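Participant:
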Amino acid sequence: MKKSELSVVVFMFLFCAFFFSQTIQLPPLAQHYPLFVIGLLFFLTLLKFINMCLAYMKNKKVINDYTTVWTSFLPKQFFTVFLGFLGFFGVMYFLGFYIAALAFLLFALRFFKIPNKYIALTLVVMLVIV
């Protein structure tokens, strides 16, 4: 079991709990999709946790891998995406979810230098789905 994985699993369980507490305050008809997504996220996190526990019972070791995890940290990438995430919420408040989601997706794809043909394909598929 790795300490970094354990931290992520604990964070994900807390994330699910927070959004569950917010979702149950919505009107009943508006709860279906968020509860499905939160439930799916909780289930996948639970599977990861069970997998980690089984690995721990096999090896009886907890590996401190924080030093190796942070060696490849890219501050410019992290803070740019974080600011884009905050911008997403600002745009969503004023212009709505779909416009904000498409703008954030376009921003992220351009920032990570994805080829234009894949950007166009992604945006077309998103527009068809929506």
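Here numbering that gives the first Met the number 0 is used: the first residue of the sequence shown is 0, the next is one more, and so on.
Backbone N, C-alpha and C fix where the C-beta goes; we use that ideal spot for every residue, glycine too.
If you're wondering where the values come from, they're calculated on a predicted model, not measured in any experiment.
#1: Distance check for Phe18 and Thr44, CA to CA, integer angstroms please.
#2: Does the beta-carbon of Ile188 have 16 or more other beta-carbons within 10 angstroms, so that it is buried, or is it exposed?
#3: Hey, would you say Leu34 sits closer than 7 Å to Thr22, going by beta carbons?
#4: Which residue from Asn50, Thr70 and Leu101 puts its Cα closest to that of Gly83?
#5: Return the Cβ separation of Met0 and Tyr65 in integer angstroms, given the expectation that the two are a contact with Cβ distance under 8 Å.
#6: Could you compute how far the alpha carbon of Val68 sits from the alpha carbon of Ser3?
#7: Kindly list the residues whose CB is nearer than 7 Å to the CB of Phe106, restricted to its own chain and excluding five residues on each side of it in sequence; keep chain order.
#8: Since I believe Leu40 is in contact with Cys15 (beta carbons under 8 Å), could you give me their beta-carbon distance rounded to a whole number of angstroms?
Facilitator: In terms of the structure at hand:
#1: Position 45 of the sequence shown, counted from the first residue, corresponds to residue 44. Position 19 of the sequence shown, counted from the first residue, corresponds to residue 18. Taking the CA atoms as reference points, Thr44 sits about 15 Å from Phe18.
#2: The requested residue 188 does not occur in the structure, where the chain is confined to residues 0 to 129.
#3: Counted from its first residue, the sequence shown places residue 34 at position 35. Counted from its first residue, the sequence shown places residue 22 at position 23. Against a cut-off of 7 Å, the Cβ pair of Thr22 and Leu34 comes out as a contact.
#4: Residue 83 sits at position 84 when you count from the first residue of the sequence shown. Checked all of Asn50, Thr70 and Leu101; the closest Cα to Gly83 is Leu101.
#5: Residue 0 sits at position 1 when you count from the first residue of the sequence shown. Residue 65 sits at position 66 when you count from the first residue of the sequence shown. Met0 to Tyr65, Cβ: 13 Å. No contact.
#6: Here the question's residue 68 lines up with position 69 in the sequence shown. Here the question's residue 3 lines up with position 4 in the sequence shown. Cα to Cα, the separation comes out at about 8 Å.
#7: Counted from its first residue, the sequence shown places residue 106 at position 107. Cβ within range, chain order: Gly83.
#8: In the sequence shown, counting from the first residue as 1, residue 15 sits at position 16. In the sequence shown, counting from the first residue as 1, residue 40 sits at position 41. Right, the Cβ-Cβ distance comes to about 6 Å (below 8 Å), so this counts as a contact.
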